[in-house]
Amino acid sequence: MSIAGREWAFAAFFGVIVLAFALAWRAARRGSSSETFFVAGRRVGAKMNALALLGEMSAASIMGTAALAFSYGFDALYSVLGLVGGWALILILLAERLRAKGNRTLGDVLSARFDGSGVRLLLAVSALGVAIPHTFSQFVAAGVLVNGLFGFSYGSGVIIFGVLTAACVILGGMLGTTWIQTIKAVLLIGCLAVILVLTLASYHFSLATIFASAAAAHPAGQAVLRPGLLMHGRLDAVSYVLTMGLGVAGLPHILSRFFTVPDPRQARQSAALALSGVVLINWAVVLMGFAAIGLIAGRPGYALQGTRLVGGENMAFLHLAHYLAGDVFFGLLCGVVLMTVLAAVSAVVLSAATTLVVDFYRAVVQPAAGKASDVFLSRIAIAFVCLIAGIFALLSHRSNIGLLATIAHAFAASVNFPLIVLTLYWPGLTRRGALLGGAVGFITALGALILGPLVWCDMLGFAAPIFPNHYPTLVSVPAAFLAAWLGSVRAGVRTRDARSLGI
Amino acid sequence: MIGVAKRDMLCAVLVLLVLVAVGLAPMLLPGFARARIAGLPLSMLAVFLATVGVLLLSLALAPSASASLPRGQREDKSA
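Quick look at the structure:
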């Protein structure tokens with residue numbers, strides 16, 4: 002990046018910091034009641050909630066999808082299939098029914114059916130198992146970005162982002178986070194639209210030319226337009242799609258957004274708008290990834306050799322933007338990307354903190370504690386989560402961000418999704434069945450990940466994995482559902498609130 | 016006529032099956048993976064149409080929450 006581009010990027014980054022603080026401060030002035038802090042007073046309209054949901058899409062998602070298309074071609078579409086499937090499941094199965102329960106956390110939904118704190122605690126453990134790797138990976142991404150763009154040390158980047166995230170979420174709560182996500186979504190969509198138009202214009206608006214150029218420029222040739230460069234077979238592809246899809250549909254920080262709208266109808270509307278946005282954005286990003294092959298692969302200044310890029314494969318999207326639009330736009334885009342990281346990690350941190358306070362502290366440790374202290378305790382929990390994730394990020398500069406994302410999605414798919422769906426739809430589910438299903442899903446997912454190629458071979462150095470697939474969901478999700486069924490059918494008693502669910 | 020909950024579950028399963036099937040098709044059918052239509056890979060076009068189809072199906076389904084709550088509890092009673 003030229004000096005002019007770096008100056009613009011720095012200015013944009015500074016602008017992001019100022020904007021984020023301003024939004025958080027304004028949200029704080031709206032009051033700090035429990036309702037406002039945790040669920041934004043349940044006054045977020047459908048359109049704003051849809052933009053905030055799109056704002057949950059992390060920079061890793063945007064840049065990662067483009068990088069997949071750039072490096073592996075067709076196999077990037079499995080990510081799109083998974084994401085579209087997951088958001089469709091949210092719209093069809095979850096959005097309205099979750100909002101109809103009118104609660105703050107997913108644990109509240111389960112506790113409406115099941116007595117005792119066991120199921121709530123299980124879901125809380127899973128939610129933290131999702132949130133901590135997710136937050137950790139975003140801090141690593143932020144440190145790498147700041148280091149690559151501005152030349153600050155990686156550690157400085159992690160600390161800056163950790164402090165910024167903690168400050169914004171502590172001040173603004175869910176309302177401030179919503180505003181940050183909304184504005185980020187608008188800016189990101191605007192930038193994507195500009196790059197997309199420039200991309201299409203550079204190929205004379207011919208999609209066929211884009212794919213033909215990609216095949217000509219990519220080292221794999223025509224194979225880039227067929228599956229097989231990344232996926233290690235059919236089972237890998239299916240389990241990847243399920244991990245992405247069911248994982249998205251089980252992510253606590255996404256599902257908790259539906260508690261912020263006034264009623265179930267608007268929850269559905271926001272999910273519908275978000276799904277539409279997900280389809281459009283993902284296809285635009287995939288197309289740009291393919292277009293980037295023909296434009297920047299092998300080009301000096303952007304590529305080292307073939308599809309090996311300066312700064313790593315995740316830079317495909319940013320390099321394309323710089324090539325098409327120059328230093329100024331590139332600098333502004335860098336600011337938007339950093340705001341994207343902030344928006345995504347803010348939601349995860351707030352969700353984790355809420356889980357710690359509501360599902361763990363108040364439900365298990367101090368059930369008699371009044372709600373008046375919830376906001377204060379959550380602020381402490383937010384700082385704690387940021388500190389832990391920041392320490393992990395500082396100690397693990399070379400972390401495999403892909404593995405961390407896989408862990409988060411695997412737990413969400415194997416524990417959260419089965420528990421929530423069965424709670425909302427199956428009157429026969431008992432407390433024992435829910436506990437058994439959640440525990441089996443968690444243990445199976447964890448075991449399959451450890452014994453699979455990502456940990457057993459890549460981290461521990463063994464020659465061959467014990468579990469053959471990269472993603473555990475083909476085994477862990479059916480195991481969770483089966484265990485929940487087995488644990489319930491022998492009980493023979495309908496839960497006390499099954500009829501009130503109207504199912 | 017099936018209930019709303021069963022309808023939603025069936026649609027969810029259908030969505031997953033369609034998306035997995037269209038993703039597996041080019042792996043199982045090499046000719047399909049290599050085919051072109053107007054210069055575009057047919058398999059990619061199929062994936063695109065599948066995702067758009069899933070979007071349209073999801074949007075077309077009628078709202079379900081108000082129908083699934085018992086009478087007297089359809090309004091938002093959040094605290």
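Protein chains in written order, with the numbering used here: chain A, 2 to 504; chain B, 16 to 94.
No residue lacks a Cβ here, since even glycine has one placed at the ideal position from N, Cα and C.
| query | result |
| --- | --- |
| Whole-angstrom C-beta distance between residue 53 (chain A) and residue 182 (chain A), which should lie under 8 angstroms | 4 angstroms |
| Residue 367 (chain A) - DSSP class collapsed to helix/strand/coil | coil |
| Counterpart residues of residue 449 (chain A) in DSSP-defined beta bridges | According to DSSP, residue 449 (chain A) bridges with nothing at all. |
| Contacts around residue 34 (chain B), its chain only, beta-carbon distance under 7 angstroms, and the 5 residues preceding and following it disregarded | 65 and 69 |
| Residue 387 (chain A) to residue 414 (chain A) span [Cα, whole Å] | 24 angstroms |
| Given residue 148 (chain A) as reference, the closest of A:317, A:7, A:322 and A:364 once Cα atoms are compared | A:7 |
| Through-space distance from residue 351 (chain A) to residue 1 (chain A), alpha-carbon basis | Nothing about residue 1 (chain A) can be reported from this structure: the residues present for chain A run from 2 to 504 only. |
| C-beta contact flag for residue 347 (chain A) and residue 433 (chain A) at 8 angstroms | no |
| CB contact flag (residue 480 (chain A), residue 111 (chain A), <8 angstroms) | no |
| Spatial distance of residue 122 (chain A) from residue 289 (chain A) (CA atoms) | 43 angstroms |
| Three-pair Cβ contact test at 8 angstroms for the segment 328-340 of chain A versus the segment 250-267 of chain A | no |
| The segment 17-27 of chain B / the segment 62-78 of chain A touching (three or more Cβ pairs under 8 angstroms) | no |
| Inter-residue Cα distance where the pair is residue 49 (chain B) and residue 272 (chain A) | 36 angstroms |
| Inter-stretch contact (C-beta, 8 angstroms, three-pair minimum) for the segment 162-173 of chain A and the segment 447-456 of chain A | no |
| Straight-line Cα distance separating residue 146 (chain A) from residue 12 (chain A) | 15 angstroms |
| Spatially closest choice to residue 23 (chain B) from A:89, A:116, A:483 and A:172, by CA coordinates | A:89 |
| Rounded distance between the beta-carbons of residue 22 (chain A) and residue 174 (chain A), thought under 8 angstroms | Contact doesn't hold; Cβ gap of about 14 angstroms is too wide. |
| Backbone secondary structure at residue 51 (chain B) - three-state DSSP | strand |
| Beta-carbon proximity list for residue 307 (chain A), same chain, < 7 angstroms, skipping 5 on both sides | 220, 298 and 299 |
| Same chain, Cβ closer than 6 angstroms to residue 214 (chain A), neighbours up to 5 away in sequence not counted | 295 |
| Among A:194, A:226, A:319 and A:342, nearest to residue 508 (chain A) - alpha-carbon criterion | Since the first and last residues shown for chain A are 2 and 504, residue 508 (chain A) lies out of range. |
| Residue 43 (chain B), buried or exposed, once every other Cβ within 10 Å from all chains shown has been counted against 16 | exposed |
| Length at least 4, wholly inside the segment 229-301 of chain A: the alpha helix (DSSP H) runs in chain order | 235-249, 253-256 and 265-297 |
| Touching by the beta-carbon criterion (3+ pairs, under 8 angstroms), the segment 404-413 of chain A and the segment 114-134 of chain A | yes |
| Cβ-based burial, residue 98 (chain A) [other Cβ within 10 Å; buried from 16] | buried |
| Where residue 227 (chain A) sits in the DSSP three-state scheme | coil |
| Inter-residue CB distance, residue 250 (chain A) and residue 51 (chain A) (contact presumed, cutoff 8 angstroms) | About 17 angstroms separates the two Cβ atoms, so there is no contact after all. |
| Sub-8 angstroms separation of residue 226 (chain A) and residue 206 (chain A) beta-carbons | no |
| Contacts that residue 54 (chain B) makes with chain A (C-beta to C-beta distance below 9 angstroms) | 207, 208, 209, 210, 212 and 213 |
| Contact list for the segment 409-442 of chain A against chain B, Cβ threshold 8 angstroms | 426 |
| Cβ-based neighbour list, residue 441 (chain A), same chain, cut-off 6 angstroms, excluding 5 preceding and 5 following | 480, 481 and 484 |
| Continuous alpha helix (DSSP H) assignments of at least 4 residues falling wholly in the segment 338-424 of chain A | 375-396 and 402-412 |
| Classification of residue 162 (chain A) by the beta-carbon crowding that lies within 10 angstroms, buried from 16 upward | buried |
| Residue 546 (chain A) and residue 374 (chain A) closer than 8 angstroms at C-beta | The structure shown does not extend to residue 546 (chain A), since chain A spans only 2 to 504, so no value can be given for it. |
| Delimiting residues of the alpha helix (DSSP H) encompassing residue 304 (chain A) | Residue 304 (chain A) -> not in any alpha helix (DSSP H); beta strand (DSSP E) instead, spanning 304-306. |
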